[in-house]
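*Asks:*
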Amino acid sequence: MRPMAQIAMVMNLDKCIGCHTCSVTCKQAWTNRDGMEYVWFNNVETRPGQGYPRRYEDQDKWRGGWELNKRGALKLKGGGRFRKLAGIFSNPRLPEIKDYYEPWTYDYKNLTDAPLGDDFPVARPVSQLTGKPMKIEWSSNWDDSLAGAPEHGDQDPMVQRVRRQAAEKVKFAFEQTFMFYLPRICEHCLNPSCVASCPSGAMYKRAEDGIVLVDQDRCRGWRMCVTGCPYKKVYFNHRTGKAEKCTFCYPRVEVGLPTVCSETCVGRLRYLGVILYDADKVTAAASTPSEQDLYEAQLGIFLDPEDPVVQRAAEEAGIPYDWMEAARRSPVHALVGKYRVALPLHPEYRTMPMVWYIPPLSPVVDALTETGHDGEDLDNLFGAIDTLRIPLEYLAEIFTAGDVGPVRASLGRLAAMRSHMRAINLGEPPDTSIASSVGMESAEIEEMYRLLAIAKYEDRYVIPTAAVGDARRLEESALPDGCSLDYDGGPGMGGDGPFGQDSGRKQLPLVSVESFHALRKRQTADREDT
Amino acid sequence: MTTFLWGALPYIAFALLIAGLVWRHRYDKFGWTTRSSQVYESKLLNIASPAFHYGILFVLVGHLIGLFVPESWTESLGIRERTYHLFSLYGGTAAGALTVLGILLLIYRRRTNSPVFRATTVNDKLMYVVLLGAIVLGMIAKLTHASGDGYNYRQTIAPWARSLFTLRPRTELMQGVPVLYQVHAVIGMALIALVPYTRLVHMFSAPVQYLFRPYVVYRSRDPRQLGPRPARPGWEKTDA
Ligand code: SF4
Ligand code: SF4
Chain A
1 MRPMAQIAMV
11 MNLDKCIGCH
21 TCSVTCKQAW
31 TNRDGMEYVW
41 FNNVETRPGQ
51 GYPRRYEDQD
61 KWRGGWELNK
71 RGALKLKGGG
81 RFRKLAGIFS
91 NPRLPEIKDY
101 YEPWTYDYKN
111 LTDAPLGDDF
121 PVARPVSQLT
131 GKPMKIEWSS
141 NWDDSLAGAP
151 EHGDQDPMVQ
161 RVRRQAAEKV
171 KFAFEQTFMF
181 YLPRICEHCL
191 NPSCVASCPS
201 GAMYKRAEDG
211 IVLVDQDRCR
221 GWRMCVTGCP
231 YKKVYFNHRT
241 GKAEKCTFCY
251 PRVEVGLPTV
261 CSETCVGRLR
271 YLGVILYDAD
281 KVTAAASTPS
291 EQDLYEAQLG
301 IFLDPEDPVV
311 QRAAEEAGIP
321 YDWMEAARRS
331 PVHALVGKYR
341 VALPLHPEYR
351 TMPMVWYIPP
361 LSPVVDALTE
371 TGHDGEDLDN
381 LFGAIDTLRI
391 PLEYLAEIFT
401 AGDVGPVRAS
411 LGRLAAMRSH
421 MRAINLGEPP
431 DTSIASSVGM
441 ESAEIEEMYR
451 LLAIAKYEDR
461 YVIPTAAVGD
471 ARRLEESALP
481 DGCSLDYDGG
491 PGMGGDGPFG
501 QDSGRKQLPL
511 VSVESFHALR
521 KRQTADREDT
Chain B
1 MTTFLWGALP
11 YIAFALLIAG
21 LVWRHRYDKF
31 GWTTRSSQVY
41 ESKLLNIASP
51 AFHYGILFVL
61 VGHLIGLFVP
71 ESWTESLGIR
81 ERTYHLFSLY
91 GGTAAGALTV
101 LGILLLIYRR
111 RTNSPVFRAT
121 TVNDKLMYVV
131 LLGAIVLGMI
141 AKLTHASGDG
151 YNYRQTIAPW
161 ARSLFTLRPR
171 TELMQGVPVL
181 YQVHAVIGMA
191 LIALVPYTRL
201 VHMFSAPVQY
211 LFRPYVVYRS
221 RDPRQLGPRP
231 ARPGWEKTDA
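Line by line, the protein sequences give chains A and B.
Take 1 as the starting number for the first sequence in full-length UniProt numbering and just add one per residue.
Take 1 as the starting number for the second sequence in full-length UniProt numbering and just add one per residue.
1) What are the residues that DSSP puts in a beta bridge with Phe-302(A)?
2) Can you tell me the Cβ-Cβ gap for Gly-402(A) and Gln-292(A), rounded? I've got them flagged as a contact below 8 Å.
3) Looking at the C-beta of Trp-222(A), does it have a partner C-beta in chain B at a distance below 8 Å?
4) Going by DSSP, what residues sit across from Gln-6(A) in a beta bridge?
5) Is Lys-245(A) near ligand 1, judged by its Cβ being under 7 Å from some heavy atom?
6) Going by the DSSP bridge assignment, what does Thr-105(A) pair with across the sheet?
7) Ligand 2 and Val-216(B): does the residue's C-beta get closer than 7 Å to at least one heavy atom of that ligand?
8) Between which two residues does the alpha helix (DSSP H) containing Thr-46(A) stretch?
9) Against Leu-55(A), what residues of chain B qualify as contacts under a CB-to-CB distance less than 9 Å, listed in chain order?
10) Using a C-beta cutoff of 8 Å, does Phe-58(B) count as contacting chain A?
11) When every heavy atom of ligand 2 is checked, does at least one fall within less than 7 Å of the C-beta of Gly-267(A)?
12) Quick one: is the Cβ of Cys-198(A) within less than 7 Å of any heavy atom of ligand 1?
13) Along chain B, which residues have their Cβ under 9 Å away from the Cβ of Glu-208(A)?
14) Using the Cβ count rule (16 or more neighbours within 10 Å means buried), how would you classify Ala-86(A)?
15) Exposed or buried, which one is Ala-19(B) when buried takes at least 16 other CB atoms within 10 Å?
16) Hey, which unbroken runs of the alpha helix (DSSP H) at 4 residues or more fall wholly within the stretch 1 to 55 of chain B?
17) Comparing C-alpha positions only, which one of Leu-303(A), Val-234(A), Leu-388(A) and Ile-398(A) sits nearest to Pro-347(A)?
18) Taking 7 Å as the line, does the beta carbon of Thr-31(A) fall inside it for any heavy atom of ligand 2?
19) Would you decide whether Lys-456(A) is buried or exposed? Buried here means 16 or more other CB atoms lie within 10 Å of its CB.
20) In the DSSP assignment, the alpha helix (DSSP H) including residue 241(B) goes from what residue to what residue?
21) Against chain A, with Cβ distances strictly below 8 Å, would Phe-4(B) count as a contact?
22) Using the rule of at least 16 other Cβ atoms within 10 Å of the residue's Cβ for burial, across every protein chain shown, is Lys-135(A) buried or exposed?
23) Identify the contact partners of Pro-207(B) in chain A, using a Cβ-Cβ distance below 8 Å as the criterion.
24) So, Arg-71(A) versus Leu-211(B), is the Cβ gap smaller than 8 Å?
25) Should Gln-216(A) go down as buried or exposed, given a rule of 16 or more other Cβ atoms within 10 Å for buried?
26) Beta carbon of Tyr-218(B), beta carbon of Ala-207(A): below 8 Å?
27) Considering only residues of the same chain and omitting the five flanking positions on each side of Ala-525(A), which have a CB-CB separation below 8 Å?
28) With 8 Å as the threshold, decide whether the Cβ of Thr-130(A) is near any Cβ in chain B.
29) Go to Ile-140(B), then tell me how far its alpha helix (DSSP H) extends in each direction, as first and last residue.
30) Name the residue from Gly-439(A), Arg-223(A) and Pro-53(A) whose alpha carbon lies nearest to the alpha carbon of Arg-35(B).
31) Would you mind giving the Cβ-Cβ distance between Ile-358(A) and Leu-335(A), rounded to the nearest angstrom? I have them listed as a contact below 8 Å.
32) Which full runs of the alpha helix (DSSP H) of 4+ residues lie inside the stretch 342 to 367 of chain A, going along the chain?
33) For chain B, is any of its Cβ atoms less than 8 Å away from the one on Asp-217(A)?
34) Just curious, the beta strand (DSSP E) that Phe-180(A) is in, first and last residue?
35) Which residue spans inside the stretch 418 to 464 of chain A form an unbroken beta strand (DSSP E) run of at least 3?
36) Can you give the Cα-Cα distance for Ala-286(A) and Met-203(A), rounded to whole angstroms?
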């Protein structure tokens, strides 16, 4: 056993209102730069829908992720090492910017500078690639809330898969349709195919917290990672010529803060926590022959932090004590392993993704209430989950490689939670058979309710800091190394490097971690003097 | 002049190459990239880029053989000058043609595709002029001296090139060399000097280590980076 810790995320899709706050705050934090105009580390797509970039799930075309070769061993779908090097001079499977969308801005100046005339001046859209006026025809979110679904909906690769299997059709007629929002970030996979595709070895998974990053100094712009990632969550910065990706806001996570997307989520639907896993078993689990068994296989490599054997092994592996504590209290561990309501996104890509989703019950509830039934009655709900086959099968294509079993089980638990809690709210004694019908205890259901519905900040985010052990050292190194007058324009200004402004090494100012925590304590304390 | 061109210039070019690489490695690892424009346009690039790159790799191998394998070696293998000449003529021309075709397509693409053209810096343009110059002049030199036994550079240019390594350049050998070859050689040296200062530097990061490393790379946080870290290029400057 080789235990490793991973900071993982769970999103409760029932609560997502599709407001895109997460995308916007993420963009403001990370990708509001030249060359990244078209990039959304966090994007929220409406399903059914084509997603961003368009039809990224069509791996016959984009060749992302892993597949099994004839001997049953894992190999990159985009081709092995020799193929990669021989084809390094161009990458035929690389999405063009237009597969995402052509970024644009508006000619705002015209609004103030236009000469006096009879017509109102307008700000015309201008392409940020060519600098010329352009027609806006697609964006990262063009089919938001099923916009244009009767026309484009059929192009969702998952809709096409469901159709191939079920004779019935996914309907886009207004009364029969269903939809939900799917916020996506990088999955920070346990078996990342982006890392495996990088010829320069610039991409890596951090040993401490499992965050997958691109070393900007080592990236040489070969673009293989973009193809390698089946979720298309590595992006090519077309100005700097380097790959960039979601960083899981590691500078925030390291000091115990949630990621920007989590912190700002209006629906408060994101959970962050530690998951322990056995690194020795990853490859074997990812090579599970049947795609539908991959979900169970991935559950199989997670370790239980309560298990003394695991605790001992973790200690030997150098996982700090506060990380073990965090793993024990981890909401992610609870939702994924204990209650089993969260499911991975596209396990069939065999990358062992680590951002999991609680499938939405709301399409079912909505359909029930619209037909005049009680959407919180357990029998009604159970019946509806089964009769609404299409949403179920569609969800299964997304979360469990088409196996409806786990999706039904997860929705069943959510439905049971609804009925159970309604009884409590109405002051009735809850029916214990409800809990046992989904294999849970009443107490467990109530715990799950606290986590999912009350969802307190401290319960949603249990993030151990990166370097409590190093706190002292950190604190010391936070003191400026150089002259304190070396600030810009200051009397002791360090000046430029030997080859002009951008050369040489410069130190960024650093906020002391200690004072940051003190600040937070002060901000959230009841009394002033703490 | 002879001394400068054939005695000093090669060393200057070489020094600029090494100094440039060291500088890049120390101060501009971030700028060390292919700066691919494939995300703007893919179709043409998928044909042109492999054509050019494979072509120029063959051309490179040809140059290495021609310049650094002495005539006496091939002769002792029983390869006569005429055979060698024909081999180098056809092989070289084929590789050269592939390269020229590739680079012309690439330049056409760069000029006509407006996002690609907008992403072209002055540095790139200079690089393209020198690169195209070196390739085209090399082809011309080779083809104008192709008739009969051709020009046997292996008795003049090659020994001169090898003499550079002994630090006693035999500049007199270059005097009788046809002008076209001389021009090609000078531009070639300019190109070598330019490599580290342009995007051509990516040739030095051919990722052969990919064949040998494990697929998934793990790295620990650098303990030296727990404190203040150097400013990252690529982030636009703010006043904060
Ligand atoms: S989701 Fe993230 S970690 Fe997984 S393959 Fe894509 S970029 Fe890599
Ligand atoms: S901020 Fe939250 S609720 Fe809004 S779109 Fe993002 S995930 Fe959904």
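Glycine included, each C-beta is placed from N, C-alpha and C at the ideal position.
*Replies:* Quick look at the numbers:
1) What you label residue 302(A) is simply residue 302 of the first sequence in a count that begins at 1. Answer by DSSP bridge pairing, in chain order: Tyr-277(A).
2) Within the first sequence, the letter at position 402 stands for residue 402(A). Within the first sequence, the letter at position 292 stands for residue 292(A). Indeed, because the Cβ distance is near 6 Å, the residues count as touching under 8 Å.
3) The residue you call residue 222(A) lines up with position 222 of the first sequence. It does: the Cβ of Trp-222(A) has a partner Cβ on chain B nearer than 8 Å.
4) Here residue 6(A) refers to the residue found at position 6 when the first sequence is read from its first residue. Answer is Ile-275(A).
5) Locating residue 245(A) in the first sequence gives position 245, where the first residue counts as 1. Yes, the beta carbon of Lys-245(A) sits closer than 7 Å to at least one heavy atom of ligand 1.
6) Against the first sequence, residue 105(A) aligns to sequence position 105. Per DSSP, Val-126(A).
7) One-based indexing of the second sequence puts residue 216(B) at position 216. Checking the Cβ of Val-216(B) against ligand 2 gives no.
8) For the purposes of this step, residue 46(A) is taken as the residue at position 46 of the first sequence. Note, Thr-46(A): premise wrong, no alpha helix (DSSP H); beta strand (DSSP E) at 43 to 47.
9) Mapped onto the first sequence, residue 55(A) falls at position 55. According to the sequence displayed, residue 55(A) carries Arg and not Leu. Those do not exist, as Arg-55(A) stays about 16 Å from chain B at its closest Cβ, beyond 9 Å.
10) As a working mapping, residue 58(B) is identified with position 58 in the second sequence. Phe-58(B) does not count as touching chain A.
11) Taking the first residue of the first sequence as position 1, residue 267(A) is located at position 267. Checking every heavy atom of ligand 2 against the Cβ of Gly-267(A), one is found closer than 7 Å.
12) Here residue 198(A) corresponds to residue number 198 of the first sequence, with the count starting at 1. No, the beta carbon of Cys-198(A) sits no closer than 7 Å to any heavy atom of ligand 1.
13) The sequence position of residue 208(A) within the first sequence is 208, counting from 1. The contacting residues are Ser-220 and Arg-221.
14) Along the first sequence, read from residue 1 onward, the residue named residue 86(A) stands at position 86. So Ala-86(A) ends up on the exposed side.
15) Locating residue 19(B) in the second sequence gives position 19, counting from the first residue. Looking at its Cβ environment, which holds fewer than 16 other Cβ atoms inside 10 Å, Ala-19(B) is exposed.
16) 9 to 27
17) Mapped onto the first sequence, residue 347(A) falls at position 347. Per the Cα distances, Ile-398(A).
18) Residue numbering aside, residue 31(A) sits at position 31 when the first sequence is read from its first letter. Not so, every heavy atom of ligand 2 lies at least 7 Å from the Cβ.
19) Stepping through the first sequence from its first residue, residue 456(A) is reached at position 456. The residue in question, Lys-456(A), is exposed, as its Cβ has fewer than 16 Cβ neighbours within 10 Å.
20) Only positions 1 to 240 of chain B appear in this structure, which leaves residue 241(B) out of reach.
21) Start at 1 with the first residue of the second sequence, and residue 4(B) comes out as number 4. No, no contact with chain A.
22) Translated into the one-based positions of the first sequence, residue 135(A) becomes position 135. With fewer than 16 other Cβ atoms within 10 Å, it is exposed.
23) Here residue 207(B) is taken as the residue at index 207 of the second sequence, counted from 1. Per Cβ cutoff of 8 Å: Leu-85, Ile-88, Pro-199, Ser-200, Gly-201, Arg-220 and Trp-222.
24) The sequence position of residue 71(A) within the first sequence is 71, counting from 1. The sequence position of residue 211(B) within the second sequence is 211, counting from 1. Contact flag unset, no.
25) Locating residue 216(A) in the first sequence gives position 216, where the first residue counts as 1. Burial call: buried.
26) Sequence index remark: in the second sequence, residue 218(B) carries index 218 (1-based). Sequence index remark: in the first sequence, residue 207(A) carries index 207 (1-based). Yes.
27) Locating residue 525(A) in the first sequence gives position 525, counting from the first residue. So no residue of the chain qualifies.
28) Position 130 of the first sequence, counted from the first residue, corresponds to residue 130(A). Cβ-Cβ to chain B under 8 Å: yes for Thr-130(A).
29) For this step, residue 140(B) is matched to residue 140 along the second sequence. 122 to 144 is the span of the alpha helix (DSSP H), which, as asked, contains Ile-140(B).
30) Stepping through the second sequence from its first residue, residue 35(B) is reached at position 35. Arg-35(B) has its Cα closest to that of Arg-223(A), out of Gly-439(A), Arg-223(A) and Pro-53(A).
31) The residue given as residue 358(A) occupies position 358 in the first sequence. The residue given as residue 335(A) occupies position 335 in the first sequence. The Cβ separation is near 7 Å, so the contact holds.
32) none
33) Counted from its first residue, the first sequence places residue 217(A) at position 217. Yes, Asp-217(A) lies at the interface with chain B (some Cβ there is under 8 Å from its Cβ).
34) Numbered from its first residue, the first sequence carries residue 180(A) at position 180. Per DSSP, Phe-180(A) belongs to the beta strand (DSSP E) from 180 to 184.
35) none
36) Taking the first residue of the first sequence as position 1, residue 286(A) is located at position 286. Taking the first residue of the first sequence as position 1, residue 203(A) is located at position 203. Using only the alpha carbons, I get a separation of about 20 Å.
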